[in-house]
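Below: the structure, in structure tokens.
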Amino acid sequence: MHQYLFYIGDFPIRAYGLLLATAIICGAIVAYYLLKKDGRGWHTHVVDFAITVAIAGLIGARLWDVFFFDWAYYKDHLLEIPFVWQGGMAIQGGVVLGTIAGVIYTKKHNIDTWAFADVFAPALILAQSIGRMANLMNGDAFGNPTGGNFGILYPESTLAYRTYGNQPLWPAEVWEGQIDILIFVALLLFSSFRHAKGQVFVLYAILYSGARFCLEFIRGDYVNLTMGLKSAQMTSLIVMVIGVIIFLYLGYLDRKNNPVADSIDESSETTEVAQNNSKKVHKKRK
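Residue numbers (the working numbering): 302 to 587.
As structure tokens, this is what we get:
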């Protein structure tokens with residue numbers, strides 16, 4: 302892995318920044334495709350929306366890491382808080398502040414927030430996956446020592462090396478990026494079936510939080526514990542519980558407010574079965 306890809310004069314081009322920009326661009330492209338396919342004209346907002354959410358997300362991710370995970374260090378190094386290239390971006394903070402910015406944007410432009418979030422969710426998790434590639438190249442969001450002769454060995458210039466030396470570490474950021482791809486596929490599959498407005502985005506929050514909760518057991522970049530769990534695990538647990546409640550409530554409201562749609566779906570399924578049975582009988586008679 303290489304933190305610095307090349308130099309333009311004395312200015313370094315960092316793999317971290319380049320991959321982070323790639324994540325935002327790829328997420329925006331996927332969002333544009335999905336929103337244009339959705340047919341409600343929201344794809345025209347993708348560029349402005351992506352820039353707004355990306356800036357808010359980066360600020361939120363940095364501040365979340367500083368105040369929740371690394372305040373013991375940054376309280377004595379306040380001037381280093383903006384130095385994001387040193388590592389230290391908490392995705393939970395990015396999602397929280399990015400979501401707030403997204404809600405404000407959609408309200409301002411009279412866009413259905415829940416419906417927009419549903420279409421945008423797969424693009425968001427894909428961007429997160431690419432973002433974990435940036436963490437790998439930068440040597441942050443790393444895992445604990447494996448205790449054996451297998452694992453990732455980081456260069457001396459990385460935070461991972463300064464933390465654990467030349468010990469092999471679990472590939473926590475790699476596995477998270479791979480799990481994000483699976484969540485991306487799951488969201489696309491779920492969104493292709495009838496669902497209540499908002500359930501796709503809530504499902505994204507539930508699935509990612511569940512994955513993050515499990516992966517934190519092998520993360521080694523911080524060890525602050527609350528009730529025996531890391532801060533990210535406590536956050537993930539809270540999001541999962543609230544997410545499941547909201548997911549079920551949205552489904553309940555949808556069934557309550559759209560009973561006709563449910564009866565139409567059941568009727569169409571019954572008709573389809575009847576047609577298939579009729580075709581089978583017809584073939585037998587022949």
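Glycine residues also receive a C-beta, built at the ideal position from the N, C-alpha and C atoms.
Asked	Found
One or two residues paired with residue 470 in a DSSP bridge	446, 453
Residue burial classification, residue 546 (beta-carbon count within 10 angstroms, cutoff 16)	exposed
Member of 559, 465, 429, 310 whose CA lies at the smallest distance from the CA of residue 481	429
Three-pair Cβ contact test at 8 angstroms for the segment 404-416 versus the segment 314-323	no
DSSP-derived helix/strand/coil call for residue 308	strand
Residue 472 versus residue 518: straight-line alpha-carbon distance, rounded	12 angstroms
Cβ distance (whole Å) where residue 440 is taken to contact residue 395 below 8 angstroms	Residue 440 to residue 395, Cβ: 19 angstroms. No contact.
Whole runs of the alpha helix (DSSP H) within the segment 535-561, excluding any shorter than 4 residues	none
Inter-residue Cα distance where the pair is residue 406 and residue 418	12 angstroms
Spatial distance of residue 485 from residue 423 (CA atoms)	5 angstroms
Collapsed DSSP secondary structure at residue 315 in the structure displayed	strand
Distance between residue 400 and residue 539 (C-alpha atoms, nearest Å)	17 angstroms
Sequence-distant residues of the same chain with beta carbon closer than 7 angstroms to residue 431, five excluded per side	320, 323, 324, 327
Endpoints, alpha helix (DSSP H) assigned at residue 493	Per DSSP, residue 493 belongs to no alpha helix (DSSP H) and is neither H nor E.
Environment of residue 522 [buried if 16+ CB atoms lie within 10 Å]	buried
Reference residue 385; option with closest CA among 356, 479, 510, 444	356
Distance between beta carbons of residue 456 and residue 462, contact taken as under 8 angstroms	6 angstroms
Chain-order list of residues whose beta-carbon lies under 6 angstroms from that of residue 403 (same chain, five-residue window excluded)	354
Per-residue burial, residue 436 [other beta carbons within 10 Å of its own, 16 or more giving buried]	buried
Pick from 476, 452, 477, 475 that is closest to residue 465, judged by C-alpha positions	452
Residue burial classification, residue 554 (beta-carbon count within 10 angstroms, cutoff 16)	exposed
Rounded straight-line distance, which links the Cα of residue 310 to that of residue 537	43 angstroms
Pairwise C-alpha distance: residue 442 and residue 408	34 angstroms
N-terminal and C-terminal residue of the alpha helix (DSSP H) that residue 415 is part of	414-439
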